[in-house]
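Since the structure comes first, as structure tokens, the remarks are kept for the end.
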Amino acid sequence: MQSSTPSAPSAAPEAAPLAFNQEQLFRTLFQSAPIGVIMTEAHNGRVVLVNDRAARMLGYTREELHQLVSRDFTHPEDREANDDLYRRLLHGESGECVFRKRYLRKDGEAVWARSTMIPLRLSDDTPLYILAAVEDVTESRRAEQLLRESEQRFRIITEASPIMVWMAGTDKLCYYFNPTWLEFVGRTLEQEAGNGWAENVHPDDSDRCLEIYVKNFDERRAFEMHYRLKHHSGQYRWILDHGVPRYDSEGKFEGYIGGCLDIHDQIEAADRLRVAAEQLQRNKERLEIALSASETGTFQWDPATSEFLEFDDSLKQLLGLRLDEAAHSLRDFLHRIHPDDASVVAHAMKHSVDSGKVDLEFRVVLPDGSVRWLSDRARIERNIEGKAPYLTGACTNITARKQAEEALRRSEKLAATGRLAASVAHEINNPLASVTNLLYLVGKDQGLSEHSRQKLQLAEQELDRVAYFAKQTLGLYRESSPAALWDVSELIRDVLLTYDSRLRSRCASLKLEVEDGAKVFATAAEFRQVVSNLLINAIDALPMEEGRIWIRAAGARDWSSGECGLRLSIADTGCGIRSENLQKIFEPFYTTKLDVGTGLGLWLSKNLVQKNGGRLRVRSRTSGVARGTVFSVFWPAKSKEGIIAA
Amino acid sequence: MAFLRSGSFGRNPSKHDNLLASISLFAPFGGPEESCEEVAARRQRSQDSARQPLVLVADDEFLIRATIVEILRSEGYDAVGVQDGVAAIECAAKISPDVFLTDVSMPRMNGIDAAKHIRQSFPGTRVICFSGHAATSELLAKARQEGNEFEFLAKPIRPTTLIQTIRASRA
């Protein structure tokens, strides 16, 4: 389309060929215009011209509108402003202007409109007209209203919210804190604005927080962080801060908004909970360690049904059950218990509801036949909601304690025996000393007959036997001379001479094999005593004829400790010792030689050997070709001087 | 009868009471024990007895010390018996013995404590201890730790062993 200037002279050649009816054109444009057009007389507001668009906007017909004045279709609240504008336009105080007003539709509804008012004078003698181009802005007006309301709502919510709210601009600086925040920190908005708020963040947290804030801000990402914020009371309280980027309706970044919650109490509660849970876990672990270290198993048993509610793995192990073996009922439990104890345990368990507890010790027979002592401590749990009384208990392996008690009893027996032997020895030794001296003095009597003298010698010999017995067997007397290196064969020969007559009568052959030059570091009397005790034992074990004894002594190394020393073996072809008696032979006062034995010889020998750091072992067979007994002594080459001298 | 008053008959006096009731203890020994004062006086009077080595015998059992005293005298020694450690110290002060032969376990004061006293006053006196009691070995060991080494014989002592030991030069 060719551009033309409307003010160009109408006589211009190009206008003529169109031959437009200018009025027709104006009317068409006027009626089809996308905006409402209302022309009124300025001095009275009478409508002189109105297009269809304006009529539709106001809900009247054009004809109806021609009967009205501007005031009629103006919302009552805007009429005064409307009148005022008309007056100013009429008096030339205002030129073309834009006026936002509400029109009043025929149906009474208000229509927001943006009116561009143009004062119009067609000629000097015509009145002043006002041409209003009216744009319906109700929709945009409503959106604006909604926005305002939403802002209002936001302000009310944030200000009344228990959540602490902050807002930051695009420069990362905070410009808004809601009253909840300000109340929390006890400061003013001016103090908090910018970076003022950061002053109240705990020094240990502030670097980390700043880093999270800046990093996420730059990437426009939502973030969440915990930090301690100083409460107005001075206390640092844990805060959960959640920040999100803000954008306007056109998607332009406006900064951040954040909401903070005081989670201090939750954190503390969680902390306490965690500590309590850790404590519980530690206690549980400790209990498990304690239970396993003390070899304790636990159970719960329902007396009403005789079924176990719980039966832990430790208890199964204690009873010698495999872990996959069932232990449901009391029967399964009793099955493992020693027959002599089962009825006692069954009785105690069955009557536990009446007695309120079980407290007993019993034996368990393990699959390999060995016996284990258990203690069972249990009590009835009552008044547990919805449950019948049941028995809760623990079984502990007390085998070691039982053995210790037995060992204690034995050592007490030993000590008592030792005291007894010592006092017996003393009581025998003193009269022996007197009698020996008296006999000696009698023997010095020159007037004694030869018969009497011979009888006296016999009496002295017999007395020597008693003295020897007292000194060697009961005496327990420890020679005070220090240990020294002795020739082994010499020491053994001393002993053999003492028993010469007994050997002759009982033993068909005695073989002595002593390694050449074998020496022993010992107190002579102690070594002799060990040899003589073992020798007496061998002689007494021999049958009446054909008995044989071997004595061997040679340097050796102890197979268990690797120590060097002397090995002394005394073997006999006697009756042998039954295996069930082998352990008892070293106990004091244990003897099978009821008529001749004291039951102290082997006990004393073992004690003497052990005192010198050595070992005494025995092997024996009661039948077959190899029938007989071998006592084997390992006497270490070097003993602790202190022990020997004591 | 000093030994009766002192009650030094050992641990079972009833046995000895019976013995006393049936026989006179002193008769076989030719009368009551010679006291320290008597021995000291006798040795001053007699040159012969003064030349004999003097043995102080301490034992709480009368029969033991009396027989030992007689055995020693039959072997050419002079001897006197006392019933405990306290008596031994008192007696040694009067007679300065050549040998102190003492039982270890005695009432009032044991033989080892007495021996320690006597050795201090009379370094030349030889000490020989004897005992039939196991506990004495500990006493001896203790004395040895303190630097007092004493010769030791185990009860019952054969008289011949006793004579040999005393005759033998000091170990």
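Each protein sequence line maps, in turn, to chains A and C.
All residue numbers for the first sequence refer to our numbering, where the first residue is 1 and numbers rise by one.
All residue numbers for the second sequence refer to our numbering, where the first residue is 1001 and numbers rise by one.
Cβ coordinates follow ideal geometry from the N, Cα and C atoms, glycine included.
- DSSP, read as helix, strand or coil, puts R114/A in strand.
- In this structure, V1104/C keeps its C-beta atom at 9 Å or more from the C-beta atom of E1033/C.
- Beta bridge pairing from DSSP links C174/A with A168/A and G194/A.
- Per DSSP, reduced to three states, the secondary structure at K230/A is strand.
- By the Cβ neighbour-count rule, E219/A is exposed, with fewer than 16 other Cβ atoms within 10 Å of its own.
- Under the Cβ criterion of 9 Å, K444/A is counted among the residues facing chain C.
- Residue R1119/C holds the alpha-carbon nearest to the alpha-carbon of G1147/C among R1119/C, A1088/C and K1155/C.
- The beta-carbon of K1116/C is placed no less than 9 Å from the nearest beta-carbon of chain A.
- At a cut-off of 9 Å, the C-beta of T629/A has no neighbouring C-beta in chain C.
- By alpha-carbon distance to D1113/C, the top candidate from P1097/C, K1142/C and V1099/C is K1142/C.
- Listed along chain C, no residue sits closer than 7 Å to T392/A by beta-carbon distance, the nearest being about 55 Å off.
- With 16 or more other Cβ atoms from the protein chains shown falling within 10 Å of its own Cβ, R372/A counts as buried.
- Taking a beta-carbon distance threshold of 9 Å, A467/A counts as an interface residue toward chain C.
- Burial state of L147/A is exposed, judged by a 10 Å Cβ sphere holding fewer than 16 other Cβ atoms.
- At the C-beta level, L1054/C and R1045/C stay beyond 9 Å of one another.
- If you check the CB distance, T116/A and E144/A do not come in under 9 Å.
- Apart from the 5 residues on each side of it in sequence, L439/A sits with its Cβ closer than 8 Å to the Cβ of L456, A459, E460 and L463 in its chain, given in chain order.
- By DSSP's assignment, H242/A forms a beta bridge with E224/A and G259/A.
- Within the region 1049-1074 of chain C, contact with chain A at the beta-carbon level (separation under 8 Å) is assigned to E1061, L1063, I1064, T1067, I1068, E1070, I1071 and S1074.
- The beta-bridge partner set that DSSP reports for I570/A consists of I551/A and F631/A.
- Under a criterion of Cβ atoms nearer than 9 Å, the residues of chain C adjacent to N437/A are, in order, L1063, I1064, A1066, T1067, I1068, E1070, I1071, P1156, I1157, P1159 and L1162.
- Measuring C-alpha to C-alpha distances from Y236/A to each of D262/A, E224/A and F253/A identifies D262/A as the nearest.
- For T298/A and Q266/A, the gap between their C-alpha atoms comes out near 37 Å.
- If the five residues before and after D312/A are omitted, its C-beta is found closer than 8 Å to the C-beta atoms of G297, T298 and F299, all from its own chain and listed in chain order.
- Annotation: N607/A to P1156/C spans about 23 Å, alpha carbon to alpha carbon.
- The beta-carbon separation of M39/A and I130/A, rounded to 7 Å, stays under the 8 Å limit for a contact.
- Going by beta carbons, Y176/A and F217/A fall outside the 9 Å limit.
- Relative to P367/A, the option among D445/A, T399/A and G320/A whose CA is nearest is G320/A.
- Per DSSP, reduced to three states, the secondary structure at W559/A is coil, with no helix or strand assignment.
- Secondary structure of I398/A (DSSP, three-state): coil.
- For F333/A, the enclosing alpha helix (DSSP H) covers residues L330 to R336.
- Judged by DSSP secondary structure, A541/A falls within the alpha helix (DSSP H) whose first and last residues are A524 to A541.
- Residue-level contact by beta carbon fails for Y499/A and chain C, as no gap is shorter than 9 Å.
- The beta carbon of T74/A sits closer than 7 Å to those of N82, K101, Y103 and L104, all from its chain and outside the five residues before and after it, given in chain order.
- Around the C-beta of V48/A, fewer than 16 other C-beta atoms lie within 10 Å, and the residue is accordingly described as exposed.
- Three or more beta-carbon pairs drawn from the region 190-203 of chain A and the region 163-180 of chain A are found closer than 8 Å, and the two stretches are therefore classed as touching.
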